[in-house]
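Engineer: Numbering (the working numbering), first residue to last: 967 to 1595. Note that the Cβ used here is the ideal one computed from N, Cα and C, for glycine as well. Quick caveat: nothing in here was measured; it's all calculated off a predicted structure. My structure is below; once you've seen it, I'll send some questions.
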């Protein structure tokens, strides 16, 4: 079947509504980029595929049984996150030319954008409604969402030449770029606010006791107990962020300073004799970087057993859960955490249910007797699932203006067969590749770009996973980190652009690539959060600058008559190889159990890209482009 040319050859000025509608997709889809490296990463590595996940434990055992290795369930989380991203990018690299060809041939970019955007949004929102034990279901949906995100960018970018002229295309592109930074940051802030503000969303307690906590600078918790000898077990820390310089006091015995990283808790065991009928537990902040100390759970077991062999007193206190009695003051409890079944009255007093005091003769009292104490739920599976749902809802909701007001410039509905369009797409890519290779300098530049761009994309995707596994970053830390990157990336691009005017584009590019190499080497040695924050600030400054100066070099070495064709290939080739680094990173983590080795392995991409860039003679490239005209 013959293929009709459905694209318009006339560049026109888009209406304000069309330009605004086009820019709104940057606003909506950028939420995927920012929440991917925060909430989605934490949910994948710390909830769905973690040491306590049955799916991770079973999968690790299955792999070890067949490969004879020592793969841990924790390694599977980082590997799954990296491989889902890398695999979706690899598949998108093959499908993007086909989708673009069919969309162009049928003037159906809007239709493809509707399907990819809405399917991607639904795929990432759906896990928010499913239990986190659905590990493989989540992984498949995560892969589908990432794939749809990548595929949606082709039709979306294809609208830009149809609503701009040569004089307005840069301004409109920059507008979308800027709105994307703002939208991604606001989506992240909104998700965090809704997830953690109990007045907005009073979610039920977490699945694990120690993920709830009370926080205080200095407080005392008192338990009234019969005289006896007790084994006391205290859990300190916070599932969401690192806490350091804490001290716990049991009677007169002080333990500390104690540190905990996100989701890795400090625990204290102590055997103590109670003679005066009360056990005092002190919680104190010793002036660490975080202003509050935290306590999650307190377990008290009597060493004396009754006539039936049971311990006389066996208590497990759950601190901080929204609505939990332990958040309040002086209350009554009984054996084996029976207070969970009680009702908390408006005046703060407790009314035992039929499973409460009436059923247990060994009654005790407990409560906070000194200090200001606040209770909260940490970032736990139910709240992270809310973050996933917010991501999908944001992406879908703010895509509506784009899908409503944009229309293809060509004649819609052309019946071009998929296979015919696919053959045309493959032929066009091959033709473009042959055309590029005619310009030797440009070809060397593009091959180098493929490697260092892959390294950059992988670092951006995996930096949060590295910070979490190696330095104990929690969600709060990651949120602030991403917001800082959002703020510094654009000024960094402007500074590098100014510098390239002063010292030349090639020198500016080489300089930024050397900084990337230095950052990866520094990652091997970094041990503190402060050092990582400094590295992240430098990374955000050179991230946009490296991409912008590379695009500028591409522009000056491209023959005018091939601008659209070669830049389309430039964008496509950048995606076509962006999967390699993520797959390598995940494989190294799985084989060596070390995120440091994984991040260091990315040096090979920068070394190859840097070496090839050294051979690029920009002036010769300009002459080759001019001679072609």
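Could you check the C-alpha separation between residue 1583 and residue 1423 for me, to the nearest Å?
Structural biologist: The alpha-carbon atoms of residue 1583 and residue 1423 are separated by roughly 25 Å.
Engineer: Locate the beta strand (DSSP E) running through residue 1267, then write down its first and last residues.
Structural biologist: 1263 to 1268 is the extent of the beta strand (DSSP E) around residue 1267.
Engineer: Starting from the Cα of residue 1587, find the closest Cα among 1232, 1406, 1509 and give me that residue.
Structural biologist: Among 1232, 1406, 1509, the Cα nearest to that of residue 1587 belongs to 1406.
Engineer: State buried or exposed for residue 1314, treating a residue as buried only when at least 16 other CB atoms are found within 10 Å of its CB.
Structural biologist: Residue placement at residue 1314 is flagged as unreliable, the pLDDT there being 39, under the threshold of 50; the coordinate-derived value follows with that caveat. It is exposed - the Cβ of residue 1314 has fewer than 16 other Cβ atoms within 10 Å.
Engineer: Please classify residue 1523: does DSSP put it in a helix, a strand, or coil?
Structural biologist: Residue state, collapsed to three classes: coil.
Engineer: Would you kindly report the start and end of the unbroken alpha helix (DSSP H) that includes residue 1032?
Structural biologist: Where residue 1032 is concerned, the enclosing alpha helix (DSSP H) stretches over 1020 to 1033.
Engineer: I think residue 1124 touches residue 996, with their Cβ atoms under 8 Å apart; what is that distance to the nearest whole Å?
Structural biologist: Rounded, the Cβ-Cβ distance is 18 Å, inconsistent with contact.
Engineer: Does the beta-carbon distance from residue 1613 to residue 1489 come in below 9 Å?
Structural biologist: Since the first and last residues shown for the chain are 967 and 1595, residue 1613 lies out of range.
Engineer: Using a Cβ-Cβ cut-off of 7 Å (strictly less than) and excluding sequence neighbours within five positions of residue 1113, which residues of its own chain qualify?
Structural biologist: Taken in chain order, the residues that qualify are 1054, 1057, 1058.
Engineer: Can you give me the Cβ contacts of residue 1107 inside the same chain, cut-off strictly under 8 Å, excluding the 5 residues immediately before and after it?
Structural biologist: Once the five neighbours on either side are set aside, the close Cβ partners of residue 1107 are 1089, 1090, 1092, 1093.
Engineer: From 1370, 1001, 1110, 1415, pick the residue whose C-alpha is nearest to that of residue 1581; which is it?
Structural biologist: The shortest Cα separation from residue 1581 among 1370, 1001, 1110, 1415 belongs to 1415.
Engineer: Helix, strand or coil: how does DSSP classify residue 1189 here?
Structural biologist: Note: residue 1189 maps to strand in three-state DSSP.
Engineer: Return the Cβ separation of residue 1248 and residue 1211 in integer angstroms, given the expectation that the two are a contact with Cβ distance under 8 Å.
Structural biologist: Not confirmed; about 15 Å, so no contact.
Engineer: Taking residue 1155 as the reference, which of 1558, 1511, 1445 has the closest Cα?
Structural biologist: Checking every option, the nearest Cα to that of residue 1155 belongs to 1445.
Engineer: Buried or exposed, going by whether 16 or more other CB atoms sit within 10 Å of the CB of residue 1030?
Structural biologist: So residue 1030 ends up on the exposed side.
Engineer: Excluding sequence positions up to five away, which residues of its chain have a Cβ less than 6 Å from the Cβ of residue 1104?
Structural biologist: So the qualifying residues of the chain are 1014, 1093.
Engineer: Please list the segments of the beta strand (DSSP E) lying wholly inside the segment 1067 to 1129, counting only runs of 3 or more residues, in order along the chain.
Structural biologist: Whole beta strand (DSSP E) segments, 3+ residues: zero.
Engineer: Is residue 1200 closer than 9 Å to residue 1236 when the C-beta atoms are compared?
Structural biologist: Their beta carbons are under 9 Å apart, which means residue 1236 touches residue 1200 by this criterion.
Engineer: Between which two residues does the alpha helix (DSSP H) harbouring residue 1457 extend?
Structural biologist: Its alpha helix (DSSP H) spans residues 1441 to 1469.
Engineer: Let me know the beta strand (DSSP E) ranges lying completely inside the segment 1184 to 1243, each 3 residues or longer, listed in chain order.
Structural biologist: You should have 1184 to 1190, 1194 to 1202, 1209 to 1216, 1219 to 1226, 1232 to 1240.
Engineer: Looking only at its chain, what residues have a beta carbon closer than 6 Å to the beta carbon of residue 1256, apart from the 5 residues adjacent to it on each side?
Structural biologist: Cβ within range, chain order: 1209.
Engineer: If you draw a straight line from the alpha carbon of residue 1204 to that of residue 1263, how long is it in whole angstroms?
Structural biologist: The alpha-carbon atoms of residue 1204 and residue 1263 are separated by roughly 11 Å.
Engineer: Could you give the distance in angstroms between the alpha-carbon of residue 1363 and the alpha-carbon of residue 994?
Structural biologist: Roughly 8 Å separates the two Cα atoms.
Engineer: Please report how far the alpha carbon of residue 1173 lies from the alpha carbon of residue 1012, in whole angstroms.
Structural biologist: Below a pLDDT of 50, predicted positions are generally treated as unreliable, and residue 1173, at 40, falls in that range; the measurement from the model is reported next regardless. C-alpha separation (whole angstroms): 13 Å.
Engineer: If you draw a straight line from the C-alpha of residue 1591 to the C-alpha of residue 1525, how long is it?
Structural biologist: Taking the straight line from one Cα to the other gives about 4 Å.
Engineer: I'd like the list of long-range same chain contacts for residue 1417, defined as Cβ closer than 6 Å, with 5 residues on each side in sequence excluded.
Structural biologist: Only 1571, 1574, 1575 meet the Cβ criterion.
Engineer: Which one of 1430, 1370, 1282, 1185 has the shortest CA to CA distance from residue 1259?
Structural biologist: Cα-wise, what sits closest to residue 1259 is 1185.
Engineer: When you compare each of 1158, 1160, 1202, 1198 to residue 1178 by their alpha carbons, which one comes out closest?
Structural biologist: Out of 1158, 1160, 1202, 1198, 1202 has the C-alpha closest to the C-alpha of residue 1178.
Engineer: What is the DSSP secondary structure of residue 1548, counted as helix, strand or coil?
Structural biologist: In this structure, residue 1548 counts as helix in the three-state DSSP scheme.
Engineer: Do the CB positions of residue 1129 and residue 1138 come within less than 9 Å of each other?
Structural biologist: Yes, the pair counts as a contact, with Cβ atoms nearer than the cut-off.
Engineer: Tell me, please, whether the segment 1424 to 1433 touches the segment 1001 to 1008 by the rule of three or more beta-carbon pairs shorter than 8 Å.
Structural biologist: Yes: the two stretches touch, three or more of their Cβ pairs being nearer than 8 Å.
Engineer: Which residues in the same chain as residue 1033 place their Cβ atom closer than 6 Å to its Cβ, once the five residues preceding and following it in sequence are excluded?
Structural biologist: Here the set comprises nothing.
Engineer: Do you know offhand how far residue 1338's Cα is from residue 1350's?
Structural biologist: Taking the straight line from one Cα to the other gives about 28 Å.
Engineer: In this structure, how does DSSP classify residue 1178 when only helix, strand and coil are distinguished?
Structural biologist: Residue 1178 falls in the strand class under three-state DSSP.
Engineer: Return the CA-CA distance between residue 1109 and residue 1051, expressed in angstroms with no decimal places.
Structural biologist: The straight-line gap from Cα to Cα measures roughly 7 Å.
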